[in-house]
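Q: Converting from the sequence shown to this note's numbering requires adding 712 to each position, the first position being numbered 1.
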Amino acid sequence: MNSLASSFRSLLVAIASTMLACDPAALAATDKPTVESLKAEYKIVLDIIDGNAPADLLIKNIKVVDVFTNGVYPGSLLIHGEKIIAVNPSEKISAKAVFDGRGMYAIPGLIDAHFHIESQMATPATMQSILAPHGTTAVYAETNDLVSAAQEDGVAAAKEVFKGYERFPYRLYAFAPGKKVDAGIAIKLLDWAPVIGMGELNHNLLLAGNEDEFLKLATTNSRNMLIDGHVQTNRSSDQLNLFPALGTSNNHNALTYADTVADLRIGLPTVVRDMLGCLERIIPGVVNNHLPTDNLLLGTDNIAVGTLVQSGHMDNIVQKVIGMGVNPIEAIKMASYNVARSFKMEDKLGSLTPGRFADIVLIPRMDEIKPAYVFKGGKLVAENGKLTSGSEIEVDYSGVIMSTKPGLGDLKREELELKPIEVSPDGARVKVFVWSQSFADGDGFAEQWLNAKDGKIIPEFNGQKLSRISVIERYAKHGKRNILNAYIVGYNIKSGAIGMNMAAPSQHIGVIGSSVDDLLFEAKELDKHTGAFMTTGSGEVKAVLDLPIYSMMTPLPASEIIKAQSQLAASGTSIGYDDGMPWFRKMSYLFFSLDRYGKIH
713 MNSLASSFRS
723 LLVAIASTML
733 ACDPAALAAT
743 DKPTVESLKA
753 EYKIVLDIID
763 GNAPADLLIK
773 NIKVVDVFTN
783 GVYPGSLLIH
793 GEKIIAVNPS
803 EKISAKAVFD
813 GRGMYAIPGL
823 IDAHFHIESQ
833 MATPATMQSI
843 LAPHGTTAVY
853 AETNDLVSAA
863 QEDGVAAAKE
873 VFKGYERFPY
883 RLYAFAPGKK
893 VDAGIAIKLL
903 DWAPVIGMGE
913 LNHNLLLAGN
923 EDEFLKLATT
933 NSRNMLIDGH
943 VQTNRSSDQL
953 NLFPALGTSN
963 NHNALTYADT
973 VADLRIGLPT
983 VVRDMLGCLE
993 RIIPGVVNNH
1003 LPTDNLLLGT
1013 DNIAVGTLVQ
1023 SGHMDNIVQK
1033 VIGMGVNPIE
1043 AIKMASYNVA
1053 RSFKMEDKLG
1063 SLTPGRFADI
1073 VLIPRMDEIK
1083 PAYVFKGGKL
1093 VAENGKLTSG
1103 SEIEVDYSGV
1113 IMSTKPGLGD
1123 LKREELELKP
1133 IEVSPDGARV
1143 KVFVWSQSFA
1153 DGDGFAEQWL
1163 NAKDGKIIPE
1173 FNGQKLSRIS
1183 VIERYAKHGK
1193 RNILNAYIVG
1203 YNIKSGAIGM
1213 NMAAPSQHIG
1223 VIGSSVDDLL
1233 FEAKELDKHT
1243 GAFMTTGSGE
1253 VKAVLDLPIY
1263 SMMTPLPASE
1273 IIKAQSQLAA
1283 SGTSIGYDDG
1293 MPWFRKMSYL
1303 FFSLDRYGKI
1313 H
């Protein structure tokens, strides 16, 4: 036996521990391997290494990006089953199939460190054709909005919506909902196959010492499962230490470079999100201050389907980071190895080394992240921006198409009228609720004084035009409907209204418009749908995207979702909305945060 084969033998101990270990996302869905089956598999690996049996696939003539040495070397990768079992095997080792990489760079499959599938409005099955072609082979996904929308049916809803995940061309690792649902439901989901831990918690409740929050944390930690971070508190506060002290894996809520440094100093790896300007505020600071990137991860949190299709997913984000001055290998690690290590899965993901899943992306150039070929578990799933034949599975979602009864039939105009909290003695000032989505500083909801003239409120605040907003409880409880009427900054609706109807975190309908009559018409039209985004004006519906799956998602293909969203955006512009972000994305961020406001129940 030559020295190279001997060195391969030394790798067998490492390989043996992971060779037949199931993907955690599928482990509970299949029988666990027995000792005998593992022994048999290890012997097969040894036979392959010794040249006595063929491997399944050899990817040759590639430049392998090594995330451990931050280098690149010419070589090849040997694959058996779903795993890489050797790098640069000798010529005596054979394979059933050979793929010529034609000198391209092989990088680890890209990973999204924080992803809300349901808030994309597309199903996990629809995401197949969107993610894998862009080199994304794994996502760490939250489920809190879907499960909260389904309430007591949350466990069944999650299982139905995510069915088939084991066969997707991307790996789906899910978190049980850490907020917006009863602790009992969240804990039940810890037993479900793709769930690897507890998702983002309601930081306000945790800091207030809420018993349910401690129950979720204790249960998760007792099972040695992960806790996804959601830290929104003053970075100078002693309370920031609570999150790593209680076992949080990382944090995805850093908004600035200073936030990032504060998180890292207490041992919280930071997910830098490509949303709300976070990437642009954080990465330049990383480059200018020569901050090590080992504990920086990349993720999307929320991103529009249209953006994914037109601009890309993690490939696009890595490209942006490279463009901001980060070394290409370090940028790639931020969307692969760093993510895997943060979630304690570096033995399975994130590097092109023996024992890891053969999730491999081939790119022509290191400074241009354009996936030419994408492998998931050794299978070619995408080529030149398209899924390969047979890589996409069909999922029937008819069982989760919901039909809900209207709840606003008795809603009256006067219920949406804004009544001042206080009026100054001379009548020139009135105190009302004003909502401000200043993302750099966090969402703001506060009482503010506005000017008035001749008994009418002047809808301006700090030089900005205000629109009216009403958040309406869809189904009245005990004969009383909870409604919040306020002004909101940053929408500039001149006529008509925009609105959304989602059941997360609870059954509310939100409408933003220019007059009470417009708000009322919009609300009643939305009430006809299980869930929807809608634009109205002049007494008619201008555009609508129906969301019949638990009011969160549509079974439509990506092309039809993009078409509907384009119509929503255009119709919103026609009635005055002038922000750079599509209104339905901006409003959804607000809506998903309703549980943070004491006035919303």
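Note that the Cβ used here is the ideal one computed from N, Cα and C, for glycine as well.
To the nearest whole angstrom, what separates the beta carbons of Gly1208 and Ile1221, a pair I think is in contact under 8 angstroms?
A: Gly1208 to Ile1221, Cβ: 16 angstroms. No contact.
Q: I think Asn1014 touches Ser831, with their Cβ atoms under 8 angstroms apart; what is that distance to the nearest whole Å?
A: Rounded, the Cβ-Cβ distance is 5 angstroms, consistent with contact.
Q: Measuring only the C-alpha atoms, how far is Ala1198 from Ile1133?
A: Between Ala1198 and Ile1133, the C-alpha separation is close to 11 angstroms.
Q: Could you check the C-alpha separation between Thr742 and Glu794 for me, to the nearest Å?
A: No answer about Thr742 holds up, because its pLDDT of 46 lies below 50 and its placement is not dependable.
Q: Under 8 angstroms, do Ala895 and Asp924 count as touching if we go by C-beta distance?
A: Yes, the pair counts as a contact, with Cβ atoms nearer than the cut-off.
Q: Would you kindly check if the distance between the Cβ of Thr835 and the Cβ of Tyr1109 is under 8 angstroms?
A: Against a cut-off of 8 angstroms, the Cβ pair of Thr835 and Tyr1109 comes out as a contact.
Q: What are the boundary residues of the alpha helix (DSSP H) that includes Ser1182?
A: Ser1182 -> not in any alpha helix (DSSP H); beta strand (DSSP E) instead, spanning Gln1176 to Glu1185.
Q: Which same chain residues, not among the five before or five after Arg1053, have their C-beta less than 6 angstroms away from its C-beta?
A: Excluding sequence neighbours, Arg1053 sits near nothing in its chain.
Q: Per DSSP, which residues does Asn1213 bridge with? Please list them.
A: Beta-bridge pairing links Asn1213 to Ile1221 and Ala1244.
Q: Is it right to say Phe1303 is buried, meaning 16 or more other beta carbons lie within 10 angstroms of its own, or is it exposed?
A: Buried, because 16 or more other Cβ atoms sit within 10 Å of the Cβ of Phe1303.
Q: What residue range is occupied by the uninterrupted alpha helix (DSSP H) comprising Ala752?
A: That run of the alpha helix (DSSP H) goes Val747 to Ile761.
Q: Look up Gly1111 in the DSSP assignment and say whether it is helix, strand or coil.
A: Here Gly1111 sits in helix by DSSP.
Q: Beta carbon of Tyr877, beta carbon of Ala850: below 8 angstroms?
A: Cβ atoms of Tyr877 and Ala850: not closer than 8 angstroms.
Q: Where are the alpha helix (DSSP H) runs, 4 residues long or more, that stay fully inside the stretch 905-953, in chain order?
A: Runs found: 915-919 and 923-934.
Q: Which one of Gly979, Leu758, Val1144 and Thr1116 has the shortest CA to CA distance from Asp1258?
A: Of the candidates Gly979, Leu758, Val1144 and Thr1116, the one whose C-alpha sits nearest the C-alpha of Asp1258 is Thr1116.
Q: Taking the CB atoms as reference points, tell me whether Lys1254 and Ser1227 lie closer together than 8 angstroms.
A: Not in contact: Lys1254 and Ser1227 (Cβ atoms no closer than 8 angstroms).
Q: Would you call Val810 buried or exposed, if buried means 16 or more other Cβ atoms sit within 10 Å of its Cβ?
A: Answer is exposed; the Cβ neighbour count stays below 16.
Q: In this structure, how does DSSP classify Tyr1289 when only helix, strand and coil are distinguished?
A: DSSP places Tyr1289 in coil when its eight states are reduced to three.
Q: Please identify the residue among Met816, Gly1024 and Met839 whose C-alpha is closest to the C-alpha of Pro786.
A: Among Met816, Gly1024 and Met839, the Cα nearest to that of Pro786 belongs to Met816.
Q: Out of Asp1229, Asp762, Glu1252 and Asp857, which has the shortest C-alpha to C-alpha gap to Leu1123?
A: Of the listed residues, the one whose Cα sits closest to Leu1123 is Asp1229.
Q: Between the stretch 1082-1094 and the stretch 1062-1073, do at least 3 Cβ pairs fall closer than 8 angstroms?
A: Yes, the stretch 1082-1094 touches the stretch 1062-1073.
Q: Starting from Thr1019 and walking both ways along the alpha helix (DSSP H), at which residues does that stretch end?
A: Taken as a continuous stretch (DSSP letters only), the alpha helix (DSSP H) holding Thr1019 covers Val1017 to Ser1023.
Q: First and last residue of the beta strand (DSSP E) that includes Tyr668?
A: Not covered by the structure: residue 668. The range shown for the chain is 713 to 1313.
Q: Looking at Gly1225: is its Cβ nearer than 8 angstroms to the Cβ of Arg1186?
A: No, they are not a contact pair.
Q: Quick test of your reading: Ile791 and Leu758, contact by CB under 8 angstroms. State the CB separation rounded to the nearest angstrom.
A: In fact, because the Cβ distance is near 16 angstroms, the residues do not count as touching under 8 angstroms.
Q: Would you list the one or two residues that DSSP bridges to His1190?
A: In DSSP, His1190 forms no bridge with anything.
Q: Would you give the residue range spanned by the beta strand (DSSP E) that Asp778 belongs to?
A: First-last of the beta strand (DSSP E) with Asp778: Ala767 to Asp778.
Q: Assuming contact is defined by CB atoms lying nearer than 8 angstroms, are Leu1120 and Asp1239 in contact in what I supplied?
A: A contact, by the Cβ cut-off of 8 angstroms.
Q: Which residue's Cα is closest to the Cα of Lys900: Thr932, Pro1076 and Glu872?
A: It is Thr932.
Q: I'd like the span of the beta strand (DSSP E) that includes Thr982, first residue to last.
A: Looking at the DSSP string, the run of the beta strand (DSSP E) that includes Thr982 is Thr982 to Arg985.
Q: Helix, strand or coil for Met1265 per DSSP?
A: Met1265: strand per DSSP, three-state reduction.
Q: For Lys1131, report the span of its alpha helix (DSSP H) as first-last.
A: First-last for Lys1131: undefined, no H or E at that position.
Q: Within the chosen definition, does the stretch 1264-1280 reach the stretch 1017-1032 through at least 3 CB pairs nearer than 8 angstroms?
A: With a cut-off of 8 angstroms, the stretch 1017-1032 and the stretch 1264-1280 count as touching, because enough Cβ pairs lie within range.
Q: Is DSSP giving His1002 helix, strand or coil here?
A: Looking at His1002 - three-state DSSP - the assignment turns out to be coil, as it is neither helix nor strand.
Q: Are there three or more Cβ pairs, one per stretch, closer than 8 angstroms when the stretch 769-781 is compared with the stretch 813-829?
A: Touching, per the Cβ criterion.
Q: In the DSSP assignment, what are the bridge partners of Gln1160?
A: Per DSSP, Val1144.
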